[in-house]
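Participant:
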Amino acid sequence: MSLAACGNAGEDEEGMPNQMVWSTYGTGTSTYADVAAVADAITADGGPNIRVITSDTAVGRVTPVSEGQADMARTGDEYIYAFEGDHDFATGEWGPQDVRVVWGPIAPHGLLVRDDSGIESFEDLEGADFPRITANPSVNNKLEAFLAYGGLTWDDVNEVELGYGEQPNALENGEIDVLFHQIYGPDLYELENSFDIRWLSMDDDSEEKVEAVTDIAPGVEIGEFGGGPGQEEGETAQSLVYPLPFMTYADTDETLVYETVKAINDTYDDYKDSTANTEQWNVENSDTEPKTVPFHPGTVRYLEENDAWDEEKEARNNELIERGESLRSGWEDFVAEADTDGGDVQEEWTAYKEENVPEE
Numbered sequence: 021m022s023l024a025a026c027g028n029a030g031e032d033e034e035g036m037p038n039q040m041v042w043s044t045y046g047t048g049t050s051t052y053a054d055v056a057a058v059a060d061a062i063t064a065d066g067g068p069n070i071r072v073i074t075s076d077t078a079v080g081r082v083t084p085v086s087e088g089q090a091d092m093a094r095t096g097d098e099y100i101y102a103f104e105g106d107h108d109f110a111t112g113e114w115g116p117q118d119v120r121v122v123w124g125p126i127a128p129h130g131l132l133v134r135d136d137s138g139i140e141s142f143e144d145l146e147g148a149d150f151p152r153i154t155a156n157p158s159v160n161n162k163l164e165a166f167l168a169y170g171g172l173t174w175d176d177v178n179e180v181e182l183g184y185g186e187q188p189n190a191l192e193n194g195e196i197d198v199l200f201h202q203i204y205g206p207d208l209y210e211l212e213n214s215f216d217i218r219w220l221s222m223d224d225d226s227e228e229k230v231e232a233v234t235d236i237a238p239g240v241e242i243g244e245f246g247g248g249p250g251q252e253e254g255e256t257a258q259s260l261v262y263p264l265p266f267m268t269y270a271d272t273d274e275t276l277v278y279e280t281v282k283a284i285n286d287t288y289d290d291y292k293d294s295t296a297n298t299e300q301w302n303v304e305n306s307d308t309e310p311k312t313v314p315f316h317p318g319t320v321r322y323l324e325e326n327d328a329w330d331e332e333k334e335a336r337n338n339e340l341i342e343r344g345e346s347l348r349s350g351w352e353d354f355v356a357e358a359d360t361d362g363g364d365v366q367e368e369w370t371a372y373k374e375e376n377v378p379e380e
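See the structure below:
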């Protein structure tokens, strides 16, 4: 993907385009609110005019980047799925993508219920009308992890399929008993004005409970949050915390990525209080360790300049780059034999990877 592909007319003296396009979750989500606040701060500081486009689906957020219509996207775990060629990306049209992490802000996510629902614990979710989010394997993975924390599976709940952004209205209308959301979503504060709400808290940090969660969603941690909708002043709860990173493709201009990351940090004081979560966007609070997808060279350059990169991170980044090369090469061999228009491509691809491209 090149700058020209995104329709950027000209650059400033620092190599930033005059215009950028970012893709992310829909309006009404805290993810969108965070992205919009940061974009506005960068623009107000003399940076590019940043247009934010939205989608409720994993593929819908990545497609604009893959087609050169957006420079980068802030995603859920679809950055991992795109890299690995999993879930919605286990198709003949996609397969493993040569993507990179640009920046890794961390955010808390949880399960919200009506205060009068009678659902006091994760075990109480048995028999509940429980959301399964359309075309969003990242969220569904977290929902499965929440169920596992309560000793449950999808078989123990009544699945209600709907879009991510449809959940608040569905909870209000009684179509679902619980919703999954980043904690500080604007739509949730509107719900709070309609009826009493409450977060389920993962207070039991026993090894058994934690392993039940991380076996399904290995990239998450259980952490504390406060100040969310439905919480009194000083009240806290425990729930899932994990990165929602910006991603782009490996061939995106290094200077563009470097200057974008630099702008995110240089304007931090201008936006850090804009939402409940934008305080987590600077280099001190963001995730700077490559775990599942390699970091972009422009990002690495910024981290090196700010003493946030070391030999261990560099070694892991190189391992992930090599894994990506093996995945894309392996996919070519796989599709030559597999029926990517039918059957269970994900299951067959997973089996192929386990044998030919095992994770280290």
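All residue numbers for the sequence shown refer to the working numbering, where the first residue is 21 and numbers rise by one.
Virtual Cβ for every residue (Gly too), placed ideally from N, Cα, C.
Pull up the CB-CB distance for ASP118 and ARG348, whole angstroms please, since I reckon it's below 8 Å.
Facilitator: Numbered from its first residue, the sequence shown carries residue 118 at position 98. Numbered from its first residue, the sequence shown carries residue 348 at position 328. About 7 Å; that satisfies the 8 Å criterion.
Participant: If you scan the region 166-222 from start to end, which runs of the alpha helix (DSSP H) of 4 or more residues do you find wholly inside it?
Facilitator: 187-192 and 206-214
Participant: So for THR111, helix, strand or coil by DSSP?
Facilitator: Position 91 of the sequence shown, counted from the start, is the residue given in the question as residue 111. Reduced to three states, the DSSP call for THR111 is coil.
Participant: Is it true that the region 200-207 meets the region 119-135, where meeting means three or more beta-carbon pairs spaced less than 8 Å apart?
Facilitator: Judged by Cβ distances under 8 Å, the region 200-207 makes contact with the region 119-135, as three or more pairs qualify.
Participant: Could you pull the DSSP bridge partners for GLN258 from this structure?
Facilitator: Position 238 of the sequence shown, counted from the first residue, corresponds to residue 258. According to DSSP, which records beta bridges pairwise, GLN258 is partnered with GLU244.
Participant: At the level of alpha carbons, what is the spacing between ILE196 and ILE100?
Facilitator: Within the sequence shown, residue 196 is the residue found at index 176, counting from 1. Within the sequence shown, residue 100 is the residue found at index 80, counting from 1. Each residue's alpha carbon lies about 29 Å from the other.
Participant: Measuring straight from C-alpha to C-alpha, what distance separates TYR288 and ALA53?
Facilitator: In the sequence shown, residue 288 corresponds to position 268, counting from 1. In the sequence shown, residue 53 corresponds to position 33, counting from 1. So the alpha carbons of these two residues sit roughly 15 Å apart.
Participant: With the cut-off set at 8 Å, would you say VAL79 and SER43 are in Cβ contact?
Facilitator: Taking the sequence shown and counting its residues from 1, one reaches residue 79 at position 59. Taking the sequence shown and counting its residues from 1, one reaches residue 43 at position 23. Not closer than 8 Å, so no.
Participant: My guess is that ALA165 and VAL240 are in contact by the Cβ rule of under 8 Å, so how many angstroms apart are they, rounded?
Facilitator: Translated into positions along the sequence shown, residue 165 becomes position 145. Translated into positions along the sequence shown, residue 240 becomes position 220. Sure, about 7 Å apart at Cβ, within 8 Å.
Participant: Quick one: grab the DSSP three-state call for PRO116.
Facilitator: Indexing the sequence shown from 1 puts residue 116 at position 96. Three-state result, PRO116: coil.
Participant: Have a look at the DSSP bridge pairing and note the partners of PHE150.
Facilitator: Along the sequence shown, one-based indexing puts residue 150 at 130. GLU179.
Participant: Count the other C-beta atoms from every protein chain shown that fall within 10 angstroms of the C-beta of ASP108, then say buried if there are 16 or more, exposed otherwise.
Facilitator: Counting from one through the sequence shown, the residue named residue 108 turns up at place 88. ASP108 comes out buried.
Participant: GLY318 lies in the alpha helix (DSSP H); which residues open and close that run?
Facilitator: Translated into positions along the sequence shown, residue 318 becomes position 298. Per DSSP, GLY318 belongs to the alpha helix (DSSP H) from 317-325.
Participant: Would ILE126 and VAL261 qualify as a contact pair, given that the criterion is a beta-carbon distance under 8 Å?
Facilitator: What you label residue 126 is simply residue 106 of the sequence shown in a count that begins at 1. What you label residue 261 is simply residue 241 of the sequence shown in a count that begins at 1. A contact, by the Cβ cut-off of 8 Å.
Participant: Can you tell which of TRP123, ALA61, SER226 and ALA110 has its C-alpha closest to the C-alpha of GLU309?
Facilitator: Numbered from 1 along the sequence shown, position 289 holds the residue referred to as residue 309. It is TRP123 whose Cα lies nearest to the Cα of GLU309.
Participant: Out of THR360, MET222 and ASP271, point me to the one whose CA is closest to SER141's CA.
Facilitator: Reading the sequence shown from its first residue, position 121 is the one you call residue 141. Restricting attention to THR360, MET222 and ASP271, the CA atom closest to the CA of SER141 is found in MET222.
Participant: Let me check understanding here. Comparing Cα to Cα, which of ILE341, LYS292, ALA296 and PHE150 lies closest to GLY205?
Facilitator: Here residue 205 is taken as the residue at index 185 of the sequence shown, counted from 1. Here the closest residue by C-alpha is ALA296.
Participant: Hey, could you find the ends of the alpha helix (DSSP H) ALA358 is sitting in?
Facilitator: As a working mapping, residue 358 is identified with position 338 in the sequence shown. Where ALA358 is concerned, there is no enclosing alpha helix (DSSP H), given that its DSSP letter is neither H nor E.
Participant: Could you tell me which residues DSSP puts in a beta bridge with GLY130?
Facilitator: Here residue 130 is taken as the residue at index 110 of the sequence shown, counted from 1. Answer is HIS201.
Participant: Starting from the C-beta of ASN28, find all residues in its chain whose C-beta is less than 6 Å away, skip the five residues before and the five after it, and write them out in chain order.
Facilitator: Translated into the one-based positions of the sequence shown, residue 28 becomes position 8. Its pLDDT being 48, under 50, ASN28 is placed unreliably by the model, and the measurement read from it follows with that caveat. The residues are PRO37 and GLN39.
Participant: Would you call the region 169-178 and the region 244-252 in contact, with 3 or more CB pairs under 8 Å?
Facilitator: By the Cβ test, the region 169-178 is not in contact with the region 244-252, since fewer than three Cβ pairs between them sit closer than 8 Å.
Participant: Can you give the beta carbon distance from THR95 to THR74, rounded, assuming they're within the 8 Å contact cut?
Facilitator: Stepping through the sequence shown from its first residue, residue 95 is reached at position 75. Stepping through the sequence shown from its first residue, residue 74 is reached at position 54. Not quite, the Cβ-Cβ distance comes to about 12 Å (not below 8 Å), so this is no contact.
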